[in-house]
Amino acid sequence: MTGHPRDHEVDELEAEERDDTVIGVVFWRSLMVMIVVAVAVGSWIYLQRKEKTEAEVVERGETPLPAKLEQGEPPPHLRFTDVTDTSGIDFVHVNGANGEKLLPETMGSGLACFDYDGDGDQDLYFANATHWPWSPDRNTTKGALYVNRGDGTFENATERAGLIHSGYETGVAVGDIDQDGDIDLFIASLGSNKLFRNDNGRFVDVTKPAGVAGESDRWSTSAGFADLDNDGDLDLFVCNYVAWTKEIDLDLNFSINGTDRAYGPPTNYRGTFSYLYENLGNGTFRDVSQTWGVQVTNPATGEPLGKALAVAFADADRDGRMDIFVANDTVQNFAFRNMGGRFEEVGSQSGLAFDQMGSSTGAMGMDIGDFRNRGDLAVSVANFANESTSFYVQQSTNPWLFNDISNATGIGSPSRLKLSFGLFFFDVDLDGRLDLFQSNGHLETEINEIQPSQHYRQPAQLFWNRLFDGQTEFVEIASEALGDLSKPIVGRGSAYADFDGDGDLDVVMTQSGGPPLFLRNDLDNGHHWLRVKLKGTTDNRFGIGAWIELKAGEETQRRQVMPTRSYLSQVELPVTFGLGSTGTVDSLVVQWPNGTRQEVAVDGVDTTIEVTQESR
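Okay, so the sequence shown: first residue is -15 according to the numbering used here, each after it adds one.
Structure, rendered in structure tokens:
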């Protein structure tokens, strides 16, 4: 008997629901079986990966993990104290900002730590910008030189040293260009650059006869001296940023909230060629940028590709020739391989051009260091907000192959939200391993209103090198453990030196439109140390570019004499080796820029030694 159509539909619906229930049970049981199998397989794969041998890693071209594995906690006796107010440093940076929101106002300026008067302690020079020519504020501003009194306090020596110079200064480079034993000073600027020769503590402007002023419409940033042609004197590389003018900037009318004018990104500007000057040995330089092969063009447009903000030097392949590394903002980074008389750009082939996602970054500062004490170099680059700091590690099977392992080393995630500028390696706790420091600060004062995760003033970050514990090699030290180093500032340039002669390394950071932050390292862990100064005879006078190898116990440290690091800045020339609890040095070898190796006897620790280059 056939029932009511509505009853028949209900019977069919109930049957469908029962079928769906059975199917659902079968589905979920199958899914659980699949999950169990997947977990088992995944665990097996994980264990297989954990058990892979170092030989297998090398065969794949990766850098093998350190043989010695350690777990460690951040040093408990590390603390920085802000001594700016009592140091005698009264410098205040002027960026010229008056409401027009012009891009150069955001970039800040750098500093140099160097012994300008030859008395054995480290002095300071702060680059400074100035008010715009059309600004109603016409007060003259200039950079400032501070001489160390010998105890970590300073007095202003700008005028007596002859540095009466005003301009829109950005970066600083130091080196003895004429081999007279005095450290000379190059100042990069928005506009013409300056070179000052140091004559027994007084600086003389030699820009015009030296031929290094550059073009008046260029925006120069970081700069550095190195012997790039192996002739014994120092050549000069000068980064140039974007092709900027006030008119272009105002026409772009950039905004981050749709209403108010803001600072625009460099993507809206053409790139420029950087300068490379050969030192001719007679007080003059020759521009060899084109003939030596460091002018890189965009293959699609033929225009200059680079937007350079930082430069670093190292002989990556140990062929006896210094290579050049350049951090570019929003376009690919450059790696110039020294081929002897010319350079070949190999950034893309070497893995240094882009980050671990294959993207170009807002690259600011950079540094190079042997962070594992095994000879494989790391090139680290500080990047824009929401971009991790890049950490390219050299592969053991190919010196011109680098992998960005920022996340794997523990640096990637903690650095992502910060907008980073100055960056350098140094041994902050004197344990014999290089740690990583970066200064941070945003461009927009109101950025927090637009992006809640961002702040205009940001604390610096210190990543402690704990070698390898099965997970990461660096750990960020908590702000509360760092004392005044965690003060939020508008950080830009940064550098280090032992200003007070106690063996540990102090830190200075510049701010955009404000005073610097001078931080005394109050390390109290009893670690031993050795500081090494070089005196070249056939090579450049201060041994810039030399590598120093120190063996103490089971560790062999390898450090380069290179003041050009960070962003727009220069660190001290003496090299500091942390020795930890080891009270003796087994061996010390200097490999000079010309390739000769010199063994040096070390009688004691917790002191500074000077090594004079032996004649061939």
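Glycine included, C-beta positions come from ideal geometry on N, C-alpha and C. Predicted, not measured: the structure shown is a model, and the values here were computed from it.
According to DSSP, is residue i helix, strand or coil?
i	result
G396	helix
A585	coil
D509	Note that residue 509 is Asn in the sequence shown here, rather than Asp. Three-state result, N509: coil.
E464	helix
Q340	coil
T205	strand
E433	helix
R13	Residue confidence is low: R13 scores 44 on pLDDT, short of 50, so the model does not pin down where it sits. No coordinate-derived value is stated.
S622	Because residue 622 is not part of the residues shown, which for the chain are -15 to 600, the question remains open.
N317	coil
L451	coil
D486	coil
E457	coil
K230	helix
With a threshold of 8 angstroms on Cβ separation, who are the neighbours of residue i within its own chain once the five nearest residues in sequence on each side are excluded?
i	result
Y152	G80, P88, A113, T114, S173, L174 and G175
F138	S71, G72, I73, D107, L108, Y130, V131 and N132
L605	With the chain represented from -15 up to 600, any question about residue 605 goes unanswered, as that position is not in the structure.
F458	T393, G394, I395, D419, L420, F447, W448, N449 and R450
Is any non-hydrogen atom of the ligand NAP found closer than 6 angstroms to the C-beta of residue i, if you look at the structure I gave you?
i	result
D307	For the ligand NAP, the structure offers nothing, since it holds no ligand at all.
I'd like the list of long-range same chain contacts for residue i, defined as Cβ closer than 6 angstroms, with 5 residues on each side in sequence excluded.
i	result
R63	G467 and D506
Q163	R525
V365	A311, A347, M350 and S374
A294	S206, A311, G349, M350 and Y551
W116	G80
V573	E533, R581 and E583
D313	P250, K291, L293, G346 and A347
Among the options, whose alpha-carbon lies nearest the alpha-carbon of residue i?
i	options	result
G331	A300, E231 and G359	A300
D339	T521, G353, S374 and G498	S374
I461	T560, F421, V363 and R549	F421
F405	M493, I352 and R326	M493
G304	L212, Q378, N252 and G267	L212
G353	S334, F368, N370 and Q378	Q378
Q554	E57, V67 and G94	G94
G396	Y376, L503 and L572	Y376
A536	T522, T285 and S565	S565
Y225	H511, F502, S258 and N252	S258
G242	T281, G527, I434 and G497	I434
So is residue i buried or exposed if we call it buried at 16+ other beta carbons inside 10 Å?
i	result
S423	buried
A157	buried
K36	For K36, the predicted structure reports a pLDDT of 32, less than 50, and the residue's modelled location is therefore unreliable. A value from the coordinates is still provided. K36 comes out exposed.
S204	buried
Q556	Reading off the sequence shown, one finds Glu at residue 556, where the question assumed Gln. Buried, since its Cβ has 16 or more Cβ neighbours within 10 Å.
M341	exposed
G83	exposed
V222	buried
G248	buried
I473	buried
R515	buried
E57	exposed
G588	exposed
D482	buried
D201	exposed
S334	buried
With residue i and residue j assumed to form a contact (beta carbons below 8 angstroms), what rounded beta-carbon distance in angstroms separates them?
i	j	result
L451	L469	Actually they do not touch by this definition, with Cβ atoms about 22 angstroms apart.
H77	N509	Wrong, their Cβ atoms sit about 34 angstroms apart, outside the cutoff.
R321	W384	7 angstroms
G416	L563	6 angstroms
D490	R504	5 angstroms
F98	P547	7 angstroms
D183	G102	In fact, because the Cβ distance is near 12 angstroms, the residues do not count as touching under 8 angstroms.
F408	Y480	7 angstroms
Using C-beta distances below 7 angstroms, list every residue in its chain close to residue i, excluding the 5 sequence neighbours before and after it, in chain order.
i	result
D189	K178 and F180
T262	Residue identity differs from the one stated: residue 262 is Glu in this sequence, not Thr. Cβ neighbours of E262 beyond the five flanking positions: D213, D219, F269, R270 and V272.
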